[in-house]
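Peer 1: In our numbering, the protein residues as written are 43 to 306. Structure below; questions to follow.
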Amino acid sequence: MEKYNNNPSIAQREEWARVQSELKLKLIETDALNFTKIVNGENIVEFRGLNYIGGVDLSFIENHEEDAIATLVVLKYPSLEVIYENFSSVKLKIPYMTGFLAFREVTPLLDLLQILKQRNPDIFPQVIIVDGNGILHPRRFGFASHLGVLANVPTIGVGKNFLQIDDGENLTMAHVKKAAREKLKKGGDTYLLQGQSGMIWGAAVRSLDSTTNPIFVSIGHRISLETSIQVVLKCCRYRVPEPTRQADLRSREYIRRGQKAKIT
DNA sequence: GCGACAG
DNA sequence: ATCTTGTCGC
Numbered sequence: 043m044e045k046y047n048n049n050p051s052i053a054q055r056e057e058w059a060r061v062q063s064e065l066k067l068k069l070i071e072t073d074a075l076n077f078t079k080i081v082n083g084e085n086i087v088e089f090r091g092l093n094y095i096g097g098v099d100l101s102f103i104e105n106h107e108e109d110a111i112a113t114l115v116v117l118k119y120p121s122l123e124v125i126y127e128n129f130s131s132v133k134l135k136i137p138y139m140t141g142f143l144a145f146r147e148v149t150p151l152l153d154l155l156q157i158l159k160q161r162n163p164d165i166f167p168q169v170i171i172v173d174g175n176g177i178l179h180p181r182r183f184g185f186a187s188h189l190g191v192l193a194n195v196p197t198i199g200v201g202k203n204f205l206q207i208d209d210g211e212n213l214t215m216a217h218v219k220k221a222a223r224e225k226l227k228k229g230g231d232t233y234l235l236q237g238q239s240g241m242i243w244g245a246a247v248r249s250l251d252s253t254t255n256p257i258f259v260s261i262g263h264r265i266s267l268e269t270s271i272q273v274v275l276k277c278c279r280y281r282v283p284e285p286t287r288q289a290d291l292r293s294r295e296y297i298r299r300g301q302k303a304k305i306t
């Protein structure tokens, strides 16, 4: 039986950081999509040819850090109805560590994507909304970017909590929370997370009029920040965009039902 | 030693 | 991530 690694070494983290830098060479931060965006003057945006949006998530069983259910859902756009779901029970071998989330969670999601591509390619998602950041990350290569590059699919990172960026960028928790509170007055309002260097890391987005607490949107892969925000807002029936929310709800329900693992 | 910490 | 009931508001 393999041992659960509770304390990855410094050398291990450095190796992971090198892998991130290497994969980052393939990262595309502009729209490379198979659907088109039409902007009608004002703030009215239309996505032509967008039919399928993916959502992914992992849920954990009680307090077992290593036992999880990975979930992939596909939603029809623009109705946002769920037309596909699949689950996979996984034994995780790496603990959660800030900055290295992908190494813990990406493999089972790649497997689920591969299964869908083989068995039902016609509904393969044209963009995937990921529970976790894209380039809003210390090395600008978070979970959403990692998944996007490895699967070669457009991805959008959406964090429910802010991950502070240091290194003199002044994107601290206090700074961002204050700015967000001041600038996000109504649903659809956005606030660019721009560091002292001028670099843009992502955006704080107010999903709805009824939610004060923002979400944090960043480029995952093959999509611009502007388009990412527009797609996310079109998916928000609640604070969290529907693809991610459905993946989360359904994976939790799957665990509650106590079913055995199945890969349909 | 202290603060920070996606999921 | 997860443990958890009611409750306030539209």
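Glycine included, C-beta positions come from ideal geometry on N, C-alpha and C.
Assuming contact is defined by CB atoms lying nearer than 9 angstroms, are Gly174 and Val132 in contact in what I supplied?
Peer 2: Not a contact, by the Cβ cut-off of 9 angstroms.
Peer 1: On a Cα-Cα basis, can you pick out the residue from Met215, Glu127 and Asp231 that is closest to Val293?
Peer 2: Checking the sequence, you will find Ser at residue 293 rather than Val. Cα-wise, what sits closest to Ser293 is Glu127.
Peer 1: Alpha carbons only, please: which of Pro196, Arg182, Ser249 and Phe166 is nearest the one belonging to Val172?
Peer 2: Comparing Cα positions, the closest option is Pro196.
Peer 1: Assign Asp99 to buried or exposed, taking buried as 16 or more other Cβ atoms, counted over all protein chains shown, within 10 Å of its Cβ.
Peer 2: Burial call: buried.
Peer 1: With DSSP run on the structure shown, which of helix, strand or coil describes Asp109?
Peer 2: Asp109: strand per DSSP, three-state reduction.
Peer 1: Below 6 angstroms CB to CB, which residues in the same chain sit around Leu155 once its five sequence neighbours on both sides are set aside?
Peer 2: Closer than 6 angstroms at the Cβ level, and outside the excluded window around Leu155, lie Ala193.
Peer 1: Please say whether Ile125 and Lys118 have beta carbons closer to each other than 9 angstroms?
Peer 2: The answer is yes: Cβ separation under 9 angstroms.
Peer 1: Please say whether Leu114 and Gly97 have beta carbons closer to each other than 9 angstroms?
Peer 2: The answer is yes: Cβ separation under 9 angstroms.
Peer 1: Find the nearest neighbour of Leu122 within the set Ile95, Tyr138, Phe129 and Glu108, judged by alpha-carbon distance.
Peer 2: Residue Ile95 is the option with its Cα nearest to Leu122.
Peer 1: Alpha carbon to alpha carbon, how far is Glu108 from Glu44? Give it in angstroms, no decimals.
Peer 2: For Glu44, the pLDDT reaches just 46, beneath the cut-off of 50, and the residue's location in the model is therefore unreliable, although a value from the coordinates is still provided. If I take the Cα positions, the gap works out to 12 angstroms.
Peer 1: Kindly confirm or deny that the segment 181-191 and the segment 263-281 touch, where touching means at least three C-beta pairs closer than 8 angstroms.
Peer 2: Touching, yes, given that three or more Cβ pairs across the two stretches are closer than 8 angstroms.
Peer 1: Could you give the distance in angstroms between the alpha-carbon of Ile198 and the alpha-carbon of Ile80?
Peer 2: Rounded to whole angstroms, Ile198 to Ile80 spans 19 angstroms at the Cα level.
Peer 1: Can you give the Cα-Cα distance for Pro120 and Pro50, rounded to whole angstroms?
Peer 2: About 43 angstroms.
Peer 1: Is it true that the segment 245-254 meets the segment 215-228, where meeting means three or more beta-carbon pairs spaced less than 8 angstroms apart?
Peer 2: Result yes; three or more Cβ-Cβ pairs closer than 8 angstroms.
Peer 1: Taking only the alpha-carbon atoms, compute the straight-line gap between Met139 and His217 and give it to the nearest angstrom.
Peer 2: So the two alpha carbons sit approximately 24 angstroms from each other.
Peer 1: What does Gly244 pair with, by DSSP beta-bridge criteria?
Peer 2: Paired residues: Leu235.
Peer 1: Under a Cβ-count criterion, where at least 16 other Cβ atoms within 10 Å of its own Cβ denotes burial, should Leu234 be classed as buried or exposed?
Peer 2: Exposed, because fewer than 16 other Cβ atoms sit within 10 Å of the Cβ of Leu234.
Peer 1: Within 10 angstroms of its Cβ, does Gln272 collect 16 or more other Cβ (buried), or is it exposed?
Peer 2: Buried is the call here.
Peer 1: On the premise that Ala110 lies in contact with Ile103, defined as a C-beta separation below 8 angstroms, what is that separation, rounded to the nearest angstrom?
Peer 2: Sure, about 7 angstroms apart at Cβ, within 8 angstroms.
Peer 1: Please name the residue in Asp231, Thr254 and Met241 whose C-alpha comes closest to that of Val274.
Peer 2: Ranking Asp231, Thr254 and Met241 by Cα distance to Val274 puts Asp231 first.
Peer 1: Compute the distance between the beta-carbons of Phe166 and Gly176, then report whether it is under 9 angstroms.
Peer 2: No. Outside cutoff.
Peer 1: With which residues is Glu88 paired in a DSSP beta bridge?
Peer 2: Its beta-bridge partners are Ile80.
Peer 1: Nearest by alpha-carbon distance to Asp208: which of Ser239, Gly91, Lys68 and Ala221 is it?
Peer 2: With distances taken between Cα atoms, Asp208 lies closest to Ser239.
Peer 1: For the candidate residues Ser270, Glu71, Arg299 and Asp290, whose alpha-carbon lies nearest to that of Val87?
Peer 2: The candidate whose alpha carbon is nearest that of Val87 is Ser270.
Peer 1: Return the CA-CA distance between Phe89 and Ile52, expressed in angstroms with no decimal places.
Peer 2: Answer to the nearest angstrom: the Cα atoms are 45 angstroms apart.
Peer 1: What does the alpha-carbon distance come out to for the pair Glu284 and Ile257?
Peer 2: Distance between the alpha carbons of Glu284 and Ile257: 13 angstroms.
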